[in-house]
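Trainee: Below is one structure. I have some questions about it.
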Amino acid sequence: MQNLKSQLSYVFLFSLFDVFSSVPPRHCKIETLVNQVALLRRNFTYCSPSLVASNDMKFAFQFARDAVVSQISWCAETSKDKSLKETCVICFEDIEVSKMFSIDRCLHRYCFSCMRQHVEVTLLNGLIAECPHEGCKSEVNIESCGEFLPPELVKVMSERKKESSVPVSEKVYCPYPRCSTLMSQKEVLEYTNYKHLNAEQSGVRKCMKCHKFFCINCKVPWHNYMTCYDCKRSNPQACADDQKLESLATKKRWRGCPRCNHMVELAEGCYHITCRHFFLLHSFLCNLSFGYHSGLLLLPTLNNEQV
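According to mature numbering (1 follows the signal peptide of the UniProt record, and there is no 0), the stretch in the sequence shown is residues -22 to -1, 1 to 285, in order.
Take a look at the structure:
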């Protein structure tokens, strides 16, 4: 439809599979899509499908993207009295083409306003922004988000990207409150080993941002010439803070994931909680992990009681 609105006459179709063969597709959704494309092909002077190899698909996407941009630029130059517009499929507003955002991998297009709201809500939920199109899992490119996002949100998006790339078991946060930089255990060990050859044995680590030292075992500022046990005994305030946190968690009815200990709060809904870090399903009531068997949700440690 975008091609029709841009008044394109010649269109080249690239596909990994021969979807226009005499044998109809088995999946009903694919068949519907193929039929829609077949109807659209009749609107063009020339529209020819071509098979491409999987390693050439990147070239095909780039070719299509350049063709659309080229045609849009040509139309904008030749129509001085009116600006070329495109309908955003989220808000259904007619938006100037220059204010439409195209997602790199899938080429789905949405207006800047809708994309900004989509990314903001996604970041608020602690997730990585993906294409808003139903069923599309294409990730939104951080570098191109500067078109519609303020710099501070681009920075948050970059941090979310790094956070999701580090496995939960590998995550290390700088214990200094004014830093709290996220690192992986491997990279912070390699960074520390440049000046401390026995870092792996002693547990000392050097933050890659603030360059201060901390203990990887007890996650506190570095306690030189002291064991973790002695450090904990010499700092009763830290124990008091832990007790305050436990008391607050009990009062607010927070629960921790049985695997990664991240706290969650049940605002509404059932008692089945899925951890966003490990995707582990556990009960908010007893904090036991679940397992599925033959469509039934079971608690293996409670005599396979059905929930």
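Where is the CB? At the ideal position from N, CA and C, for every residue including glycine.
(1) How should T170 be labelled, buried or exposed, when 16 other C-beta atoms within 10 angstroms of its C-beta is the threshold for buried?
(2) What first and last residue would you give for the alpha helix (DSSP H) that runs through R94?
(3) Relative to the C-alpha of F126, which residue among V134, C92, K139, R156 is closest?
(4) Using the Cα positions of E224 and S158, report the straight-line distance between them to the nearest angstrom.
(5) Using only the alpha-carbon positions, how far apart do M135 and R20 sit?
(6) Leaving out the 5 sequence neighbours to the left and right, which residues in its chain are closer than 7 Å to S272 when beta-carbon positions are compared?
(7) Take F(-11) as the anchor and find which of V15, C109, E9 has the nearest alpha-carbon.
(8) Give the single residue among Y207, C25, K115, V30 whose Cα lies nearest to the Cα of D82.
(9) Taking the continuous alpha helix (DSSP H) assigned at M135, which residues delimit it?
(10) Check G124 in the structure and name its three-state DSSP category.
(11) Any idea which residues DSSP pairs M78 with across the strands?
(12) Going by DSSP in three states, L18 sits in which element: helix, strand or coil?
(13) Could you work out which residue in N176, L226, C66, Q163 is closest to K197 when comparing CA atoms only?
(14) My assumption, with CB atoms under 8 Å, is that I194 sits in contact with V150. Please give the rounded CB distance.
(15) I need the DSSP call for I8, collapsed to helix, strand or coil.
(16) Enumerate in chain order the residues of its own chain whose CB-to-CB distance from M241 is below 6 Å, with the five nearest sequence positions on each side excluded.
(17) Grab me the residues of P153's own chain with a C-beta within less than 7 Å of its C-beta, minus the 5 sequence neighbours each way, in chain order.
(18) Helix, strand or coil for K63? Go by DSSP, reduced to three states.
(19) So, is Y207 buried or exposed, given that buried needs 16 or more other C-beta atoms within 10 angstroms?
(20) Looking at C-alpha atoms only, which residue of F(-9), E9, L62, I8 is the closest neighbour of V30?
Mentor: Quick look at the numbers:
(1) Reading the sequence shown from its first residue, position 192 is the one you call residue 170. T170 comes out buried.
(2) Residue numbering aside, residue 94 sits at position 116 when the sequence shown is read from its first letter. Note, R94: alpha helix (DSSP H), 90 to 102.
(3) Taking the first residue of the sequence shown as position 1, residue 126 is located at position 148. Cα-wise, what sits closest to F126 is C92.
(4) Within the sequence shown, the letter at position 246 stands for residue 224. Within the sequence shown, the letter at position 180 stands for residue 158. Using only the alpha carbons, I get a separation of about 21 Å.
(5) Taking the sequence shown and counting its residues from 1, one reaches residue 135 at position 157. Taking the sequence shown and counting its residues from 1, one reaches residue 20 at position 42. Taking the straight line joining both Cα atoms gives about 42 Å.
(6) Residue numbering aside, residue 272 sits at position 294 when the sequence shown is read from its first letter. At S272, the pLDDT of 32 sits below 50, so the modelled position is not reliable and the matter cannot be decided from this model.
(7) Residue numbering aside, residue -11 sits at position 12 when the sequence shown is read from its first letter. The option with the nearest alpha carbon to F(-11) is V15.
(8) Against the sequence shown, residue 82 aligns to sequence position 104. Closest option to D82, Cα to Cα, is K115.
(9) On the sequence shown, position 157 is the one that residue 135 refers to. 129 to 143 is the extent of the alpha helix (DSSP H) around M135.
(10) What you label residue 124 is simply residue 146 of the sequence shown in a count that begins at 1. In this structure, G124 counts as helix in the three-state DSSP scheme.
(11) Mapped onto the sequence shown, residue 78 falls at position 100. M78 is bridged to C89.
(12) Stepping through the sequence shown from its first residue, residue 18 is reached at position 40. Here L18 sits in helix by DSSP.
(13) Within the sequence shown, residue 197 is the residue found at index 219, counting from 1. The residue with the shortest Cα to Cα distance from K197 is Q163.
(14) By one-based count along the sequence shown, residue 194 stands at place 216. By one-based count along the sequence shown, residue 150 stands at place 172. About 7 Å separates the two Cβ atoms, so the contact holds.
(15) For the purposes of this step, residue 8 is identified with residue 30 of the sequence shown, where counting begins at 1. I8 falls in the helix class under three-state DSSP.
(16) To locate residue 241, count along the sequence shown from 1; it is residue 263. So the list reads W232, G234, once near-sequence residues are dropped.
(17) Locating residue 153 in the sequence shown gives position 175, where the first residue counts as 1. Around P153: F192, K197, V198, P199.
(18) What you label residue 63 is simply residue 85 of the sequence shown in a count that begins at 1. K63 falls in the strand class under three-state DSSP.
(19) The count along the sequence shown starts at 1 and reaches residue 207 at position 229. The residue is exposed, with fewer than 16 neighbouring Cβ atoms inside 10 Å.
(20) Here residue 30 refers to the residue found at position 52 when the sequence shown is read from its first residue. Looking at the Cα atoms, F(-9) is the closest of the given residues.
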